[in-house]
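Peer 1:
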Amino acid sequence: MNNTTTASDPTDDATITERKPIAAIATPVGEGGIAVIRVSGKNAIEKVNEAFRGADLIEKESHTVHFGKITDAQGDVVDEVLATLFHAPRSYTGEETVEISCHGGVLVTQAVLETILALGIQPAEAGEFTQRAFLNGKMELSQAEAVADLIHAKSAKALDSAHQQLEGRLGEHIREFRQQIIDATAMVELELDFVEEDVEFANREQLRELLAELEEEIDKLLATYETGRLVKHGVRTVFIGLPNAGKSTLLNTLVGKDRAIVTEIAGTTRDTIDVDWSYEGLRFILTDTAGLRETEDVVEAEGVKRSQKAFREADLAVYLKDLSREPTAAERKDIARFQKAAGDTPFVLIGTKKDIALDLEDERMDYDLKISALEDEKIAELKKLMKQRALENKHYDASSLLVTSSRHRDALQKARQNVQSALQALDQGMTGDFLSIDLRSALKDLGTITGEITNEDILDSIFSRFCIGK
Ligand SMILES: Nc1nc2c(ncn2[C@@H]2O[C@H](COP(=O)(O)OP(=O)(O)OP(=O)(O)O)[C@@H](O)[C@H]2O)c(=O)[nH]1
Ligand SMILES: [Mg+2]
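Every letter in the sequence shown is one number past the one before it in the UniProt record's numbering, and letter 15, counting from 1, is 15.
1) To which residues of the same chain is Leu423 closer than 8 angstroms at the C-beta, ignoring the five residues directly before and after it?
2) Are Thr450 and Gly171 touching if we call contact CB-CB under 7 angstroms?
3) Which class does Glu381 belong to by DSSP, given the choice of helix, strand or coil?
4) Is Ala266 near ligand 1, in the sense that its beta carbon is under 6 angstroms from a heavy atom of that ligand?
5) Per DSSP, His66 forms a beta bridge with which residues?
6) Among Val65, Pro327, Lys470, whose alpha-carbon lies nearest the alpha-carbon of Glu363?
7) When every heavy atom of ligand 1 is checked, does at least one fall within less than 6 angstroms of the C-beta of Ser307?
8) Which residues does DSSP list as the beta-bridge partners of Ala126?
9) Just the Cα atoms here: how many angstroms apart are Ala290 and Ile265?
10) Does Ser8 pass the burial test, meaning 16 or more other C-beta atoms within 10 Å, or should it be called exposed?
11) Specify the secondary structure class of Lys321 as computed by DSSP and reduced to three states.
12) Return the residue from the list Gly75, Asp76, Gln110, Ala55 that minimises the CA-CA distance to Thr84.
13) State whether the region 218-228 contacts the region 341-359, with contact taken as three or more CB pairs (one from each stretch) at a distance under 8 angstroms.
14) Is Ile22 buried or exposed, if buried means 16 or more other CB atoms sit within 10 Å of its CB?
15) Please identify the residue among Ala44, Ile16, Ala245, Gly246 whose C-alpha is closest to the C-alpha of Gly137.
16) In whole angstroms, what is the alpha-carbon distance linking Thr5 and Glu294?
17) Can you check which of these residues, Lys353, Arg325, Ser40, Ile273, is closest to Ile371 by C-alpha distance?
18) Can you tell me where the alpha helix (DSSP H) holding Ala146 begins and where it ends?
19) Assuming Asp271 and Arg306 form a contact by the criterion Cβ under 8 angstroms, report the distance between their Cβ atoms to the nearest whole angstrom.
20) Relative to ligand 1, is the shortest distance from any of its heavy atoms to the C-beta of Lys247 smaller than 6 angstroms?
21) What separation, rounded to the nearest whole angstrom, lies between the Cα atoms of Thr269 and Lys257?
22) Under the three-state reduction of DSSP, which class applies to Thr352: helix, strand or coil?
23) Within the continuous alpha helix (DSSP H) that includes Val108, where are the two ends?
24) Run through DSSP, which three-state label would Tyr225 get?
25) Does any heavy atom of ligand 4 sit closer than 6 angstroms to the C-beta of Thr272?
26) Could you pull the start and end residues of the beta strand (DSSP E) that Ala357 belongs to?
27) For Gln278, which three-state DSSP category applies?
28) Hey, how far is the Cα of Glu375 from the Cα of Lys470?
29) Between which residues of its own chain and Leu459 is the CB-CB distance below 6 angstroms, once the five residues before and five after are set aside?
30) I'd like the list of long-range same chain contacts for Glu392, defined as Cβ closer than 7 angstroms, with 5 residues on each side in sequence excluded.
31) Helix, strand or coil: how does DSSP classify Thr17 here?
32) Which one of Glu125, Ile34, Thr97, Arg19 has the shortest CA to CA distance from Ile462?
33) With a threshold of 16 other CB atoms inside 10 Å of the CB of Glu452, please say whether the residue is buried or exposed.
34) Quick one: grab the DSSP three-state call for Ala23.
35) Tell me which residue opens and which closes the beta strand (DSSP E) that Val36 is part of.
36) Flag this pair as yes or no: are the beta carbons of Phe239 and Val318 separated by less than 7 angstroms?
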């Protein structure tokens, strides 16, 4: 267990370790009003002060801002800046930190960074500031991961969910679970100490109740993962149907842009096109596809293959049927086939071109909605329907906590398995030492979520998702 790092209690400031100072540009590359260079680590203020002409930064208090000039080794001015000081432990990383706000040009920002690095400060790796914040107990691991989610969030709901995690709500749940297991383990292990006397400290019925309750709670949290995944990554929505059904037109109407080529020629779309679209805070990735038909054309045939692949990977399938043409027997069969193939994936059947629809009542076609993209008819209803169907049977309530990370899901699944196996051991009347092994494993699984138990590999893979400077 050499590579096991134990993080401290997030509220405990006494365990700050100041590592070698690192620096990076914390703002995006490009031209802007200002850019910020963050410097964090042991003696960061003293180091920056060497290149700072203005107030003596060493003398200044924490959380104060000072105007001055960054000068290079020759004493030439590189830029006029503002330096914001944070003394340990009252900073993002918990370490002594200086944030240098300079002018926002690409070259000038780079020049200021180079000057700082020339003082013997190391360039920061991706996510290294947040990693230090975690290692210093400023946040738990699930909160650190939420910082990355926050930065990458592409819809209001994803942002919400990242905020909740950042507030530590997932961590709170996990700590409650762990406490329950710790209590159970303590009961069981106390019994082990007195094995000769043959006493049962752990009331087995009570223990069973506790574990069953725990299993249920873990299940509830696990059930939110599907929704969490949709919220975080978006609902992959595929438009399928015969050539000329109006798939590309609908996509353009929804996103309000001419993203896909539309012509009256059947077989216009050759390749799948993905477009990001957000509705009421929920992100959708809309996929326009090549119309489905048997074709000799090699390019079109490849397109049809891709349409089918997009269908298989979708979270929501929207089949479009042109109402201005009578459905053929083959088409009816096709629709039924797709509906069946969709399985658990929500499937909607939409009639298109309602404005020029044939006047025919066809009982056999069970449309969810009839629309006209050209006349903007029932488009608002379609949007609502898409959201509703995408989230049906999903635990979705704006305020509820969602598990969005596959790493967290895996850990929860493992913990559930161990709790189940403890329950089995109980049923089989196994002795406390067997129970204790399962309970301790479950404890360890849960600990990897908050970072109470972790190892270098997990940390590296988590923090490599961050940008440099965060
Ligand atoms: N009247 C009317 N015409 C429409 C409507 N939607 C699409 N069209 C027309 O139908 C034709 C085909 O539309 P597309 O959006 O290219 O159809 P598609 O399903 O993408 O076709 P492929 O790419 O060939 O598979 C175009 O001439 C559109 O202008 C509608 O709501 N009403
Ligand atoms: Mg098209």
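Positions of the beta carbon are idealized from the N, C-alpha and C atoms, including for glycine.
Keep in mind it's a predicted model, so treat the numbers as computed, not measured.
Peer 2: To lay it out plainly:
1) Arg208, Leu211, Ala212, Glu215
2) yes
3) helix
4) It does: the Cβ of Ala266 is within 6 angstroms (strictly closer) of some heavy atom of ligand 1.
5) Ala83
6) Pro327
7) no
8) Ile468
9) 12 angstroms
10) Residue confidence for Ser8 is low, a pLDDT of 40 falling below 50, so the modelled location carries little weight; the figure read from the coordinates is stated next. It is buried - the Cβ of Ser8 has at least 16 other Cβ atoms within 10 Å.
11) strand
12) The shortest CA-to-CA distance from Thr84 to any of Gly75, Asp76, Gln110, Ala55 is the one to Ala55.
13) no
14) That one is buried.
15) Ile16
16) For Thr5, the pLDDT reaches just 39, beneath the cut-off of 50, and the residue's location in the model is therefore unreliable, although a value from the coordinates is still provided. Using only the alpha carbons, I get a separation of about 59 angstroms.
17) Lys353
18) 141-152 is the extent of the alpha helix (DSSP H) around Ala146.
19) 7 angstroms
20) yes
21) Distance between the alpha carbons of Thr269 and Lys257: 16 angstroms.
22) Looking at Thr352 - three-state DSSP - the assignment turns out to be strand.
23) Element bounds for Val108: 106-117.
24) helix
25) Judged by which ligands are present, ligand 4 is missing from the structure shown, whose ligands are ligand 1 and ligand 2.
26) Careful: Ala357 lies outside any beta strand (DSSP E) and carries neither H nor E.
27) The question names Gln, yet the displayed sequence has Ser at residue 278. Under the three-state reduction of DSSP, Ser278 is assigned to strand.
28) 47 angstroms
29) Within the same chain, Leu459 has no close Cβ partners at all.
30) Pro346
31) coil
32) Glu125
33) buried
34) strand
35) 32-40
36) yes
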